[in-house]
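For the sequence shown, the residue numbers in our numbering are 540 to 677. Where is the CB? At the ideal position from N, CA and C, for every residue including glycine.
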Amino acid sequence: MTESDLYAFIAKCKLGVLGSIRDEHSPQAALVGIAVTPRLEIIFDTVKSSRKYPNLIAKPSCSFVIGWTGEQTVQYEGEARELDSPELEHYQEIYFKTWPDGPARMSWPGIVYFVVRPRWIRYSDFDQRPPFIREFVF
């Protein structure tokens with residue numbers, strides 16, 4: 540399992556469960572549509588009225604669980620940041636390749652885009668015996 544293999548696996552998964560932390564240090568989770576870059580950055584959109592938005596602004600550390608077909612999964616921890624110009628357009632291009640309906644959401648009030656840079660990723664495949672587990676630290 541290389542970083543390229545990991546990219547290919549995540550790229551096939553269009554959804555991930557995002558974990559964030561509220562001000563009271565309690566966890567919150569949300570299913571979000573994701574896209575991934577070859578550098579294993581995760582891109583997603585949300586609206587400012589969501590619970591995840593203020594969580595990520597206040598505490599950018601977050602996590603994802605990706606993949607749940609069979610027993611192949613990715614656990615992902617990283618730092619989120621809200622995108623703005625000029626890099627916003629670069630990341631939107633990647634996101635819109637995965638989510639062609641994304642441009643239609645640009646008119647939504649309060650829509651924003653985040654990119655998450657990985658700190659730690661674990662790929663697990665329990666469909667094989669013995670199970671295969673590989674960790675990546677960034």
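| query | result |
| --- | --- |
| For isoleucine 560 and glutamate 683, the rounded distance between their alpha carbons | Here the chain has residues from 540 to 677 only, and residue 683 is not among them. |
| Residue closest to proline 599, alpha-carbon to alpha-carbon, out of Val676, Arg656, Val586 and Tyr662 | Arg656 |
| Where serine 602 falls, given that 16 or more other Cβ within 10 Å makes a residue buried | buried |
| Threonine 585 in three-state terms, based on DSSP | strand |
| Euclidean distance between Cα positions of valine 651 and proline 670 | 38 angstroms |
| Three-state secondary structure (DSSP) of arginine 656 | strand |
| Candidates Glu674, Phe548 and Phe675: closest to threonine 575 by CA position | First, the amino acid is wrong: residue 575 is valine here, not threonine. Residue Phe548 is the option with its Cα nearest to valine 575. |
| Assigned secondary structure, glutamate 626 (DSSP; H/G/I helix, E/B strand, else coil) | helix |
| Run of the alpha helix (DSSP H) containing leucine 595, from where it starts to where it stops | 591 to 597 |
| Residue from Gly555, Phe653, Lys591 and Asp562 whose Cα sits closest to the Cα of serine 624 | Phe653 |
| Proximal residues to glutamine 567 (C-beta, below 8 angstroms), its chain only, five neighbours per side dropped | Gly558, Ser559, Ile560, Arg561, Arg590, Lys591 and Asn594 |
| Coarse secondary structure for serine 565, derived from DSSP in three states | coil |
| Threonine 608 versus glutamate 626 - alpha carbon distance | 33 angstroms |
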